[in-house]
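The working numbering puts the first residue of the sequence shown at -14, with every later residue one more than the last.
The beta carbon of each residue, even a glycine, is placed where N, CA and C say it ideally should be.
Remember, predicted model here, so these are calculated numbers, not experimental data.
Encoded as structure tokens, the structure appears first; notes follow it.
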Amino acid sequence: MAAAYEYLFLTLARGPTPHQALAERLRSASGVEVVGQFAPQLGWAGNEAAVLLRWAEGATGDPSPLLSPLLAASARRERLTPTIRPGDADKPAPGGIYVHRWFEVDAGATDEFIALSGQGWERFEALFDARIFGLFRSDVSDADRAAAVERLLLITRYGDHGVWEASRDPSTEAMRIFARRQQLTRRSWAASTRLAA
């Protein structure tokens, strides 16, 4: 059984240095591994952040102590299961940018989506200063069931925004594979971030 993950998307409380206050709180967290704290670049408001947590195999945890009203004005929690990546000990590498991209995929097409992702990554990473950190399945909500979708989160490190733009080249074999993956996707959205801690 793989480690369990939780993704916290936070609107930080007002303060002079909200991202720093979050980092300080995370450094003192116990009972959970903080895989990464991500601060906004493009696509999120300046007071938004994400935290990726990892629980040991078989453990369950409660991130509530990290979510003091003095720290977070609001929080959305997503329980995640890793797919091809990351491994149980993987950590995001410092530097570059991290793009967080959510996909809503037709229910029942998730396994094919994941397989296509794995096929494209080898070519993609060979061509660009880019590394897939992880592709995660989110727990299926009642709204997901009603809409007949499953949600996945892809977190990718790029050397910089220029690398991200260059990687959109539709003529590469990786992008042709990803185009097939796009046919399974109802909707996707992304934001670029930096690894803050």
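Less than 8 Å between the C-beta atoms of P79 and L180, yes or no?
Taking the sequence shown and counting its residues from 1, the one referred to as residue 79 is at position 94. Taking the sequence shown and counting its residues from 1, the one referred to as residue 180 is at position 195. A contact, by the Cβ cut-off of 8 Å.
Can you name the residues that DSSP bridges to T157?
For this step, residue 157 is matched to residue 172 along the sequence shown. Looking at the DSSP assignment, T157 forms no beta bridge with any residue, so it has no partner.
Based on the DSSP output, what are the partners of Q22 in its beta bridges?
Along the sequence shown, read from residue 1 onward, the residue named residue 22 stands at position 37. Q22 pairs with V36.
I'd like the list of long-range same chain contacts for D114, defined as Cβ closer than 6 Å, with 5 residues on each side in sequence excluded.
Here residue 114 refers to the residue found at position 129 when the sequence shown is read from its first residue. Taken in chain order, the residues that qualify are G144, V148.
In this structure, how does DSSP classify A174 when only helix, strand and coil are distinguished?
Taking the sequence shown and counting its residues from 1, the one referred to as residue 174 is at position 189. Inspection of the sequence shows that residue 174 is occupied by Trp rather than by Ala. In the structure shown, W174 sits in a strand (DSSP, three-state: E or B).
If I follow the unbroken alpha helix (DSSP H) through F98, where does it start and stop?
As a position in the sequence shown, residue 98 is number 113, starting the count at 1. Segment 95 to 112, the alpha helix (DSSP H) holding F98.
Extent of the continuous beta strand (DSSP E) to which L7 belongs
Here residue 7 is taken as the residue at index 22 of the sequence shown, counted from 1. It is not in any beta strand (DSSP E) - L7 instead sits in the alpha helix (DSSP H) that spans 3 to 12.
Given a cut-off of 8 Å, decide if T(-4) and S59 are closer than it, judged by their beta-carbon atoms.
Working through the sequence shown from its first residue, we reach residue 59 at position 74. Working through the sequence shown from its first residue, we reach residue -4 at position 11. The answer is yes: Cβ separation under 8 Å.
Does the distance from the CB of L38 to the CB of A176 come in under 8 Å?
Here residue 38 refers to the residue found at position 53 when the sequence shown is read from its first residue. Here residue 176 refers to the residue found at position 191 when the sequence shown is read from its first residue. Result no, Cβ atoms of L38 and A176 do not sit closer than 8 Å.
Cross-strand partners of L(-9) (DSSP beta bridge)
Walking along the sequence shown from the start, residue -9 turns up at place 6. Going by the sequence as given, residue -9 is Glu instead of Leu. DSSP lists L38, R64 as partners of E(-9).
Suppose you measure from the CA of R(-1) to the CA of P67; what does that come to, to the nearest Å?
Counting from one through the sequence shown, the residue named residue -1 turns up at place 14. Counting from one through the sequence shown, the residue named residue 67 turns up at place 82. Each residue's Cα considered, the two are about 33 Å apart.
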